Amino acid sequence: MRPVAAAFLLVLLVITGVLVLPGCRPNDSLPFAAEVDEPHYRRGTQLLRSGRTQEALDAFLKVVERRGGDAPESHLECGILYLQHIKDPVAAIYHFRKYLALRPNSPQASRTRELIDTATKEFARTLPARPYEGQMRMLDMTESVERLQKENFQLKTQVAQMRGLPAPTQPPGGFGSAAAVPSTAPEPDPEVAPEPDPEPAPAVAAPAPATRPPAGATVATVRPPANSPAGVTTPATSGRVHTVQKGDSLFSISRQYYGNGGRVNDIVAANRGVLSDRNSPLKIGTALKLP
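With my numbering, you'll find the sequence shown wraps up at 281, consecutive numbering, no jumps.
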């Protein structure tokens, strides 16, 4: 009797296990839906196309929560929204890194790493310390120089191929290194010859000291031409002095003493300490030397 009871009990246990186990895990036999087929993911993409970024972010976050974090595409969308629209670079970096952890070899991995660098720079700009600003500017400049060097090398390679010349070699230190940065010191132009020094002006010989003529000799007064330029030579004065009176002018003084107005420049030259040119105003009482 005991063997029969034991066999009956064993059959009951097996039947109970068959019935209970499928009831405990009903979802294991169902296929797990793809992330892009999630209703919240589809709704998030539709909201994103409509420009409703905050609602789209909430939808993608629900996908992440529903799938227990195993939602790389939703992580990527959340990171982009946090970086470009919400302006939260820290949250963006978190979701970008989650995406890389789940899809390290995906076609979007390289772009995601660039987005992490961008978010890191944005976070550094929010820090209160001033030195970080200079470091970020230097980093931006270094990246720009490296990019320009690569473009320049590619253009040189294309030109060399078109002309049948040997291809240029890359800098020994690579792009962005100190050796690859061109010197900013100006190079002398070999085609431009230095200007010769101006020839020195010919020395003007000092006039010989005038010798006093013997007594009784007639001295001929040589008048310079009326159109001689003023200031070149100082005419000798005759010892006569004219005191400026009301209504006098250089022209009237020249006519008074020389019979014509052609000696105005000579009068000006003889009185350089008083007159700067022939248009200088005359002050009453000024003594003018007459040449």
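We put the beta carbon where it would ideally sit given N, CA and C, even for glycine. These figures come from a predicted structure and were not determined experimentally.
Residue pairing by DSSP puts R230 in a beta bridge opposite L280.
Separation of I274 and I243 (C-alpha to C-alpha, rounded to the nearest whole angstrom) is 13 Å. Between A81 and Y72, the C-beta gap is smaller than 7 Å, which places the two residues in contact.
Between the beta-carbon of N261 and that of K279 there is about 6 Å, and that keeps the pair under the 8 Å contact cut. Taking a contact as a CB-CB distance under 8 Å, the pair T102 and L66 counts as one, their CB atoms being some 7 Å apart.
In chain order, Y31, V53, R57, A61, E63, S64 place their CB closer than 7 Å to the CB of E25, counting only its own chain and leaving out the 5 sequence neighbours on each side.
Rounded to the nearest whole angstrom, the CA to CA distance from Q44 to E28 is 18 Å.
Straight-line measurement puts the Cα of C68 at about 13 Å from the Cα of I106. The beta carbon of A157 sits closer than 6 Å to those of T147, A150, all from its chain and outside the five residues before and after it, given in chain order. When only Cα atoms are considered, H85 and L38 end up about 17 Å apart.
No Cβ-Cβ contact shorter than 7 Å links G249 with F241.
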